[in-house]
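**Q** Have a look at this one before I ask anything.
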Ligand code: FES
């Protein structure tokens, strides 16, 4: 029986939902047995994945805008920005 995975796409519309999104990210990233095989979509509008965002951070990006610019993109709806900031901070802290 396949386990249903929560949909990690950032669709939060208020801060409480954004916190749940971030908590889901950390659950999948650090607690899930699928953590190594999952590269979640961080920005739905631009189809930017977690691994791409982390690569941009390792290349020197320190904000969502500067990271997205490395792919020739920029935030559109902005729903992903808090989520992207969390990932950027975690990646910079682990460097
Ligand atoms: S989800 Fe990133 S700009 Fe809309």
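Residue numbers (our numbering): 1013 to 1107. Using N, Cα and C, we set each Cβ at its ideal position, and we do this for glycine too. Source: prediction; values computed, not measured.
Is residue 1090 near ligand 1 - that is, is its Cβ less than 8 Å away from at least one heavy atom of it?
**A** yes
**Q** The beta strand (DSSP E) with residue 1057 in it runs from where to where?
**A** That residue, residue 1057, is in no beta strand (DSSP E); it is neither H nor E in DSSP.
**Q** Count the other CB atoms within 10 Å of the CB of residue 1075; is the residue buried (16 or more) or exposed (fewer)?
**A** Sixteen is the threshold: since fewer than 16 other Cβ atoms of the shown chains lie within 10 Å of the Cβ of residue 1075, the residue is exposed.
**Q** Determine, using beta carbons only, whether residue 1083 and residue 1033 come nearer to each other than 9 Å.
**A** no
**Q** Since I believe residue 1077 is in contact with residue 1086 (beta carbons under 8 Å), could you give me their beta-carbon distance rounded to a whole number of angstroms?
**A** 6 Å
**Q** Would you identify the three-state DSSP class for residue 1097, choosing helix, strand or coil?
**A** helix
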